[in-house]
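Everything below concerns the one structure shown next.
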Amino acid sequence: MTDATLSNEMLVRAIGSEKAAAPGFVVLFEMTGVPLGVWFHWLFTTTGAHPMQPPVYWATAAKSYEPGRPEDWNGLRC
């Protein structure tokens with residue numbers, strides 16, 4: 265399994281395949297109470313899947329962040 269495949273698989277397992285097709289990732293925060301900035305930091309850093317470019321779902325994920333939340337702002341500033 266490649267790093268990118270692992271990253272995508274972790275994301276699908278975290279939010280469920282039927283919800284992964286949602287237009288945003290707010291459902292991940294709603295289901296777990298963990299800010300999206302924490303989730304995506306974990307997905308990117310633990311897998312090393314996207315060291316040079318963000319994944320294809322990054323634009324959608326970024327729209328779901330809450331800039332007023334420190335954990336999310338940290339991810340958006342990069």
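Numbering (this note's numbering), first residue to last: 265 to 342. The C-beta atom is built at its ideal place from N, Cα and C for all residues, glycine as well.
Excluding sequence positions up to five before and after VAL290, its CB lies within less than 7 angstroms of the CB of SER328, all in the same chain and listed in chain order.
In the structure shown, GLY297 adopts coil according to DSSP, grouped into three states. Residue state for ARG277 is assigned as helix, using DSSP reduced to three classes. A check of alpha carbon separations from LEU270 across LEU292, LEU307, VAL298, LEU300 identifies LEU307 as the nearest.
Note that the C-beta distance between ASP336 and LEU292 is not below 8 angstroms.
Straight-line spacing of the CA atoms in MET274 and GLU330 works out to 22 angstroms.
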